[in-house]
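Chains as they are written, first to last, in numbering that gives the first Met the number 0: chain A, 0 to 566; chain B, 0 to 173.
The structure appears right after this line, and notes come after that.
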Amino acid sequence: MKKTGAEILLESLKQEGVDTIFGYPGGAVLTIYDTLLKYSEEIRHILVRHEQGAVHAADGYARSSGKVGVCLVTSGPGATNTVTGIATAYMDSVPVVILTGQVPTMLIGNDAFQEADIVGITRPCTKHNYLVKDVKELAWTIKQAFHLAKTGRPGPILVDLPKDVIADATEFSYPAKIKMRSYNPTYQGHPGQIKRAMKFIAKAQKPLIYAGGGVILSNASKELTSLAQKFSIPVTTTLMGMGGFPGTHPLFLGMVGMHGTFQSNMAITHCDLLLAIGARFDDRVTGKVQSFSPHSQKIHIDIDPTSISKNVPVDIPIVGDAKNVLKLMLKLSEEEPAQDWPKLRADWLKRISDWAHSSPLIYKSGPCIKPQFVIKKINEITDEIANGDVIITTEVGQNQMWTAQFFTFTKPRTLITSGGLGTMGYGFPAAIGAQVAFPEKTIIDIAGDGSLQMNIQELATAVQYHLPVKVAVLNNHCLGMVRQWQQLFFQQRYAHTIFEVVPDFVKLAEAYGAVGLRATKPEEVEPVIREALSISRPVIMDFVVDPHECVYPMVPAGAALTEMLLV
Amino acid sequence: MRHVISILVDNEPGVLSRVSGLFSGRGFNIESLNVAETLDSSISRMTLVTRGNDQIIEQIIKQLNKLVNVIKVLDLTGSDYVDREMALIKVIAEASTRAEVLRTVDIFRGRVVDVSPKSYTLEITGDDKKIQAVIDLLSPIGIMEIVRTGTVAIARARKEKPPGGEKPEKESES
């Protein structure tokens, strides 16, 4: 029996195990939406309030669950509204499939109503994208899209679906397997290179592991922890790698880079062996490249060959999946004669702990609420109430950096944040996506008043679907991070970073049918958090914080990692 | 350093844009680019000439390989290869210079493909140095218009058994 394009699409999604779509309807996708009604038992549709929110929600769903996130939007403006979300997912290697409507194939190129060349627009910010020109290609294209999204270095895949293709019908059979002659990611690291790496590790006096988001993407946290423990190697992570190594572990040094801890930046500068795992030597990590980790030999494990030796030349490149490579390393290490690594590393670890003690992460208390204090309290209280079973999302800016510094992440996929693109407005819809994936978990978006307003409309989505997402607004009435740069590098000329008007977030929450709470004094912080966590509805907590607080340490842009501004 | 890179890609709409977009988006430069179908109509070959230091060329090759529609990337530079370019040159040819133009064409083993009372159109094939030499010689006479194809290149077949009794590469590309 023949099926329509819309039916084929939804059947294909079912075959891929999709049970949730984040979307927003429109003219070009009406047929899909109409067909979706028939599938409402199997596929849940979450109606967002802006297409950007749909992609971020699908992205948050994917990052928290490890599954592929799916979103569906209409042509033209619906499609172009997804671009920021797609670029966000692309930079952070998140598996998302974006389905966009398109005008009928006959009209493509005619400047038709709600036409946009979304395949052209998103070519540089997707892992790959497709325009389906014939319904016969549809099932095969969806199969490829999911395959590409989740394998190798994951990423967003866009599939553009012209209206007539969706209405057209053909026989449906879903391909069981896919083979692509031009796409074949390397999963197993080169054994010779791995053996060489093990020799380097055994010889090193001052080794350091620098772990990135790849550890989380390949589910390699356990292996990473075993390796670090086995050889007593301290670990620093990137923002994306947080949670990939337990934050409570004695070998954990905290985040590295522009707002990294003193000990991480000192250790990476003074180590003699740097083992980079699933990290990409981003400029926010390296600071001035010429003075980045100048004394170390470098081993780099990454599934994406383009990440290796892109910014910093490495001595041993290992292309492969982090989990597989680490497993082989652990296996090889068993064949080596046992050594007393903690003793051999004692001097190096002592030096690191001296750094940690000389400049720990601190903030000064005062009459105002300090944003760092709010984050520490959220950490404490969720540990107590939710037993640490909490997922934190962040917006972008100071709120994000303080979260990375002051919240202790012990498990992978518990920090969801826009690292590469730094997308303001990401955290709230991403929290909605995470809550859809895990209805029982506590999901908290740590936000700033600037970022939250960029996608505040999604509060309606949270209320409509009874998603009890909590938002903690560190409300400083300004664009804190930009203001901080102006304070430090632009002689305190605060050009357009101070909000003269900020909405009353409590009333705003109530207007949407959510709950609003406010704290203006330090002693009100804890009761507000406790109350919010006891409410099974979406809550906005408005913490009116000290607007003058800056994020420290800070490495000025373009400076070496050792040139940190401390408190 | 100049590199000639040969790329096998899926013969699909949009692939050229993916490759050229990669170069513009990452700030790599393209000196010339040629695309045509291979014997297998589902595959096209691009011959791309670019410049960069080793690190940039390494990135270019890795980034090209990362594109889903790219099947194979070969950096011909450093290996033995033949490269050719063709130019069509419309040159002023009046009574006083017609003979000299023809002589020049002859020396470079070119052909006259179009004749008018005041001009010749010449076809010249060779590597970029030869084309440049022809242009340099004809410029004083007066070039009206020039069209160049950019480089196409092919690896030379091995003529001797490689040392060590290693089997010659079996790979035959369309």
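C-beta atoms are modelled at their ideal positions from N, C-alpha and C, and glycine is treated no differently.
Could you tell me how far apart the beta carbons of residue i and residue j are, in whole angstroms, since I believe they sit closer than 8 angstroms?
i, j, result
"Gly515(A)", "Ile539(A)", "5 angstroms"
"Gly243(A)", "Ala210(A)", "5 angstroms"
"Asp545(A)", "Ile368(A)", "7 angstroms"
"Glu394(A)", "Met423(A)", "6 angstroms"
"Pro341(A)", "Ser231(A)", "5 angstroms"
"Thr79(A)", "Ala115(A)", "5 angstroms"
"Pro94(A)", "Gly154(A)", "7 angstroms"
"Ala446(A)", "Val472(A)", "5 angstroms"
"Ile415(A)", "Gly59(A)", "6 angstroms"
"Val114(B)", "Val104(B)", "Not a contact, Cβ separation roughly 12 angstroms."
"Val468(A)", "Ala430(A)", "5 angstroms"
"Gln483(A)", "Val389(A)", "Gln483(A) to Val389(A), Cβ: 27 angstroms. No contact."
"Lys117(B)", "Ala98(B)", "15 angstroms between Cβ atoms; not a contact."
Residue i and residue j: beta carbons closer than 9 angstroms?
i, j, result
"Glu33(B)", "Thr150(B)", "According to the sequence as given, residue 33(B) is Asn; it is not Glu. Against a cut-off of 9 angstroms, the Cβ pair of Thr150(B) and Asn33(B) comes out as a contact."
"Lys1(A)", "Thr169(A)", "yes"
"Asp82(B)", "Ala152(B)", "yes"
"Ala154(B)", "Ser78(B)", "yes"
"Lys158(B)", "Thr305(A)", "no"
"Val48(B)", "Glu36(B)", "no"
"Thr260(A)", "Pro555(A)", "no"
"Asp541(A)", "Val505(A)", "yes"
"Leu348(A)", "Leu273(A)", "no"
"Thr30(A)", "Ile165(A)", "yes"
"Val17(A)", "Val69(A)", "yes"
"Asn454(A)", "His49(A)", "yes"
"Ile42(A)", "Ile20(A)", "yes"
Can you pull the chain B residues whose beta carbon is under 8 angstroms from the beta carbon of residue i, in chain order?
i, result
"Ser74(A)", "Under the 8 angstroms cutoff, chain B gives no residues; its nearest Cβ is about 18 angstroms from Ser74(A)."
"Leu216(A)", "Under the 8 angstroms cutoff, chain B gives no residues; its nearest Cβ is about 16 angstroms from Leu216(A)."
Since residue i meets chain A, which of its residues come closer than 9 angstroms, beta carbon to beta carbon?
i, result
"Asn10(B)", "Going along chain A, no residue has its Cβ under 9 angstroms from Asn10(B), so there is no contact; the nearest lies around 12 angstroms."
"Ser16(B)", "Gly119, Arg122"
Quick check on residue i: buried or exposed, where buried means 16 or more other Cβ atoms within 10 Å of its Cβ?
i, result
"His547(A)", "exposed"
"Leu38(B)", "exposed"
"Ala518(A)", "buried"
"Gly4(A)", "buried"
"Ile106(B)", "exposed"
"Ile300(A)", "buried"
"Phe112(A)", "exposed"
"His55(A)", "buried"
"Ala345(A)", "exposed"
"Glu168(B)", "The predicted model places Glu168(B) with a pLDDT of 42, which falls under 50 and marks its position as unreliable, so this point remains unresolved."
"Pro526(A)", "exposed"
"Ser39(A)", "exposed"
"Lys194(A)", "exposed"
"Glu84(B)", "buried"
"Arg180(A)", "exposed"
"Met105(A)", "exposed"
"Ser450(A)", "buried"
"Pro65(B)", "Pro is not the amino acid found at residue 65(B); the sequence shown has Lys there. So Lys65(B) ends up on the buried side."
"Gln434(A)", "buried"
"Glu499(A)", "exposed"
Kindly list, in the order they appear in chain B, the residues whose Cβ is closer than 7 angstroms to that of residue i.
i, result
"Val164(A)", "Residues of chain B passing the Cβ test: none, with the nearest at roughly 15 angstroms."
"Pro161(A)", "The contacting residues do not exist; Pro161(A) stays about 14 angstroms from chain B at best."
"Ser292(A)", "Within chain B, no residue comes near Ser292(A); the closest Cβ sits about 18 angstroms away, beyond 7 angstroms."
"His127(A)", "Val67"
"Lys309(A)", "Gln58"
List the residues of chain B whose Cβ lies closer than 9 angstroms to the Cβ of residue i, in chain order.
i, result
"Leu348(A)", "None at all; the shortest Cβ gap to chain B is about 35 angstroms."
"Val118(A)", "Gly13"
"Thr305(A)", "Gln58, Lys61, Gln62, Asn64, Lys65"
What do you reckon, is the C-beta of residue i under 8 angstroms from a heavy atom of the ligand COA?
i, result
"Ser292(A)", "By its list of ligands, the structure shown contains no ligand whatsoever, and the ligand COA lies outside what it can speak to."
So with CB distances below 7 angstroms, who are the chain A contacts of residue i?
i, result
"Ile6(B)", "Near Ile6(B) there are no residues of chain A at all, since even the closest Cβ is about 11 angstroms away, more than 7 angstroms."
Practice prompt. Give the residues from the stretch 81-94 of chain A that approach chain B closer than 7 angstroms (Cβ to any Cβ), ordered along the chain.
Written response: From the stretch 81-94 of chain A, no residue has a Cβ closer than 7 angstroms to chain B.
Worksheet item: Which of the residues in the stretch 178-198 of chain A, read from start to end, lie with their CB under 8 angstroms from any CB of chain B?
Response: Met179, Arg180, Ser181, Tyr182
Worksheet item: Can you list, in chain order, the residues of the stretch 129-158 of chain A whose Cβ is nearer than 7 angstroms to any Cβ on chain D?
Response: Absent here is chain D; the protein component of the structure consists of chains A and B.
Item to complete: With 7 angstroms as the limit, tell me which residues of the stretch 66-92 of chain B have their beta carbon closer than that to any beta carbon of chain A; keep them in chain order.
Response: From the stretch 66-92 of chain B, only Val67, Asn68, Val69, Ile70 have a Cβ closer than 7 angstroms to chain A.
Practice prompt. Output, in sequence order along the chain, the residues in the stretch 18-41 of chain B whose CB is closer than 7 angstroms to any CB in chain A.
Written response: The stretch 18-41 of chain B vs chain A, Cβ under 7 angstroms: Gly20, Gly24.
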